[in-house]
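**Student:**
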Amino acid sequence: MPVTVTPAGRRAAAAVLTAALLVPLAACSSDDTKKDTGRATGSGSTASGANLTVLAAASLTDVFKTAGAAYEQSHPGTKLTFSFAGSQELVAQVSQGSPADVLVTADTKSMDKVKAETGTPTVIAKNRLVIATGKGNPFKVDELKDLADTKLKVVLAAPEVPAGKYSKKVLDAQKITVKPVSQEPNVRAVLSKVELGEADAGLVYKTDAESAKDKVDAVEIPDAQNAIAQYPAAALKDSKNAEAAAAFVAWLSSPEGQKILQDAGFQKP
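For the sequence shown, counting from 1, position 17 maps to 20 in the numbering used here; every step adds exactly one.
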């Protein structure tokens with residue numbers, strides 16, 4: 004017996020067929036969206052950036068905070084975490100396998116000690132020593148030989164610290180004997196002693212004195228009597244963000260990175 008299909012029935016059947024066809028299309032669209040989202044934000048993608056840990060010499064404390072903010076702004080998604088200490092401490096951390104991505108020391112000898120753990124270093128800046136005194140230079144320290152005065156409380160960086168090595172080099176070259184009241188683990192500790200009035204004078208980098216110019220004065224040391232500090236930077240081979248680490252090291256030598264370093268008083272590499 005023939006079956007008569009009414010207009011309403013035909014409309015209902017069409018609706019069911021259309022819904023059946025749309026279900027797989029929607030599923031495909033959803034899957035494609037998820038794939039596209041994964042490509043845009045998945046782990047390791049450019050969009051997601053990287054979290055980098057940078058081990059840096061104590062004398063870079065102020066300038067790297069400025070540089071880090073500038074780098075993060077121009078590289079959205081990248082986060083920089085700095086750990087500042089004496090170069091000898093940083094080298095020890097790398098040797099012990101502490102997780103990090105970039106190392107920047109205040110001398111090439113320290114970097115050489117971990118050359119098996121780093122990529123090829125690049126010198127990003129240079130620095131020089133000055134004599135830091137209390138504001139107004141109350142003890143009238145004018146030159147290196149004044150530091151030999153036993154009535155003067157002088158602090159130096161420890162011999163194993165780059166700033167300590169540079170200090171010993173310049174004092175020995177001028178045959179000046181200094182008996183420091185303390186030898187500090189990094190150059191920033193030397194600066195702090197002078198800032199707090201716990202020392203009358205100390206040998207620090209020019210950039211350190213500049214960073215505290217409202218609290219200390221800097222007595223220049225002639226080039227012929229001075230030592231030049233070099234700051235090599237390198238990505239660590241064990242970095243989980245090798246590409247991003249290398250990019251930050253390269254940026255430090257870029258015009259933007261160099262301007263920040265030189266505005267802070269560092270010399271061209």
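Every residue gets a Cβ at the ideal spot worked out from N, C-alpha and C, and that includes glycine.
Computed from a predicted model, the values in this text were never measured in an experiment.
Would a C-beta distance cut-off of 9 Å place Y208 and T108 closer than the cut-off?
**Tutor:** no
**Student:** Report the residue from D266, Q76, M114, G80 whose alpha carbon sits nearest the alpha carbon of S214.
**Tutor:** D266
**Student:** Let me make sure I understand the geometry here. Which of D175, P162, S101, Q261 has the alpha-carbon closest to that of L147?
**Tutor:** D175
**Student:** Let me make sure I understand the geometry here. Which of V144, P162, Y169, T153 has the alpha-carbon closest to that of V222?
**Tutor:** V144
**Student:** Is the region 119-132 touching the region 194-213, taking contact as three or more C-beta pairs under 8 Å?
**Tutor:** yes
**Student:** Tell whether a beta-carbon distance below 9 Å holds between L58 and V126.
**Tutor:** no
**Student:** Under 9 Å between the Cβ atoms of G100 and D241?
**Tutor:** yes
**Student:** From M114 to A248, what distance separates their C-alpha atoms?
**Tutor:** 16 Å
**Student:** Helix, strand or coil: how does DSSP classify D266 here?
**Tutor:** helix
**Student:** Ends of the beta strand (DSSP E) at V219?
**Tutor:** 219-223
**Student:** Taking the C-alpha atoms as reference points, what is the distance between I179 and E246?
**Tutor:** 47 Å
**Student:** List the residues that DSSP assigns as beta-bridge partners of N54.
**Tutor:** K82
**Student:** Just how far apart, CA to CA, sit V157 and G137?
**Tutor:** 11 Å
**Student:** Could you tell me the distance, in whole angstroms, from the CA atom of D273 to the CA atom of F142?
**Tutor:** The structure shown does not extend to residue 273, since the chain spans only 4 to 272, so no value can be given for it.
**Student:** Quick check on D110: buried or exposed, where buried means 16 or more other Cβ atoms within 10 Å of its Cβ?
**Tutor:** When all chains shown are included, D110 counts as buried.
**Student:** Does Q76 pass the burial test, meaning 16 or more other C-beta atoms within 10 Å, or should it be called exposed?
**Tutor:** exposed
**Student:** Could you check where the alpha helix (DSSP H) with K77 kicks off and where it finishes?
**Tutor:** Correcting the residue identity first, residue 77 is Ser in this sequence and not Lys. From DSSP, the alpha helix (DSSP H) with S77 extends over 64-77.
**Student:** Tell me, which residues are paired with A236 by DSSP?
**Tutor:** In the DSSP output, where bridge partners are listed per residue, A236 has V107, T125.
**Student:** Here's a check: name, in chain order, each residue in its chain whose Cβ is nearer than 8 Å to the Cβ of Q186, leaving out the five neighbours to either side.
**Tutor:** V158, L159, A160, A161, P162, G167
**Student:** Give me the Cα-Cα distance between K112 and Y169, rounded to the nearest whole angstrom.
**Tutor:** Distance between the alpha carbons of K112 and Y169 is about 12 Å.
**Student:** Report buried or exposed for D217, applying the criterion of at least 16 other Cβ atoms within 10 angstroms of its Cβ.
**Tutor:** exposed
**Student:** L155 by DSSP, collapsed to three states: which one?
**Tutor:** coil
**Student:** Identify whether T136 lies in helix, strand or coil by the three-state DSSP scheme.
**Tutor:** strand
**Student:** Distance check for V219 and T56, CA to CA, integer angstroms please.
**Tutor:** 31 Å
**Student:** Does the Cβ-Cβ distance between A53 and G80 come in under 9 Å?
**Tutor:** yes
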